[in-house]
Amino acid sequence: MSEVYVTVETTIPDERIDLFARLYEEAFGPLRTKAIARQVLHPEEFHAEMVDPRVHKHVARLGSGEPIGVTTLTRHLETVPWISPDYFAARYPEHAARAAIYYAGFTLVVPSARQGAAFHAMIESVVQVMVAERATVGWDICSYNNTRYSLADSIRAALDEQANVEVAVEDSQIYYAARFTGDGATEGG
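Right, here's the structure in full:
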């Protein structure tokens, strides 16, 4: 694979969004049946994120310019509907006062490039921002990706290589299901 570089883009032009949507679907589509919480943005949500200048897109590209990965990063926590900005403000008040709390919405690398340098290049790009601003950043990983790909360990290792950083589990959510069986399962109203 050729050399990888990262560009930081505030908006993806409309004519390129379909390309990024295909990359996103290729990377995240399989999670529809692997995780109980919705891991895949709806097309209109994805489009909104791609054109929102408050969400920076760290795009990994081959030397040819072809995109092979994207990490979204924002300090505008209200753009991430599945998190609580109030939690972060209460937990990190000094960072909140400086607008130095970020959230990494998603990181994807196309399957054909997952063993290459794209993931580390995007993490390095994000770390540069975090170090420069003495910031804090949150992210989430579904248990499937943690179990199957050891993603938390990979991120921690990449961060440890690049900066003096403390990584901690902040919260977790456990989903349950009850399957009713037997004769009484359909009784009642």
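Here the sequence shown is numbered in the working numbering, starting from 1 and rising by one per residue.
Positions of the beta carbon are idealized from the N, C-alpha and C atoms, including for glycine.
Note that the structure is predicted; figures quoted are calculated from it, not measured.
Measuring straight from C-alpha to C-alpha, what distance separates residue i and residue j?
i, j, result
"Val80", "His95", "18 Å"
"Asp86", "Val167", "20 Å"
"Val55", "Asn145", "23 Å"
"Leu108", "Leu62", "15 Å"
"Pro71", "Gln173", "The sequence given here places Thr at residue 71; Pro does not occur at that position. Cα to Cα, the separation comes out at about 23 Å."
"Thr10", "Ile36", "31 Å"
"Asp183", "Ala177", "19 Å"
"Glu66", "Ala100", "31 Å"
"Leu151", "Ala158", "10 Å"
So what does DSSP say about residue i, is it helix, strand or coil?
i, result
"Leu73", "strand"
"His58", "strand"
"Phe106", "strand"
"Gly116", "coil"
"Met1", "Low confidence applies here, because Met1 scores a pLDDT of 48, under 50, leaving its location unreliable; read the following figure in that light. Reduced to three states, the DSSP call for Met1 is coil."
"Glu66", "coil"
"Asp138", "Sequence check: residue 138 is Gly here, not Asp. Gly138: strand per DSSP, three-state reduction."
"Val127", "helix"
"Thr11", "coil"
"Ile83", "coil"
"Ile174", "coil"
Relative to the alpha-carbon of residue i, which residue among the options has its alpha-carbon at the smallest distance?
i, options, result
"Ser84", "Arg179, Tyr102 and Glu9", "Tyr102"
"Glu25", "Asp14, Arg16, His42 and Pro13", "His42"
"Thr33", "Cys142, Thr7, Ala158 and Val6", "Cys142"
"Gln115", "Ile68, Pro53 and Thr74", "Ile68"
"Ile74", "Pro93, Glu124, Glu49 and Ser64", "In the sequence as presented, Ile is not what sits at residue 74; that position holds Thr. Of Pro93, Glu124, Glu49 and Ser64, the residue nearest in Cα terms is Glu49."
If contacts are defined as beta-carbon pairs under 8 Å, then residue i and residue j qualify, I think. What distance do you get, rounded to the angstrom?
i, j, result
"Leu23", "Val110", "6 Å"
Below 6 Å CB to CB, which residues in the same chain sit around residue i once its five sequence neighbours on both sides are set aside?
i, result
"Ala135", "Ala100 and Tyr102"
"Gly138", "Tyr103"
Using a Cβ-Cβ cut-off of 7 Å (strictly less than) and excluding sequence neighbours within five positions of residue i, which residues of its own chain qualify?
i, result
"Met122", "Val6, His58, Ala60, Gly69, Thr71 and Thr107"
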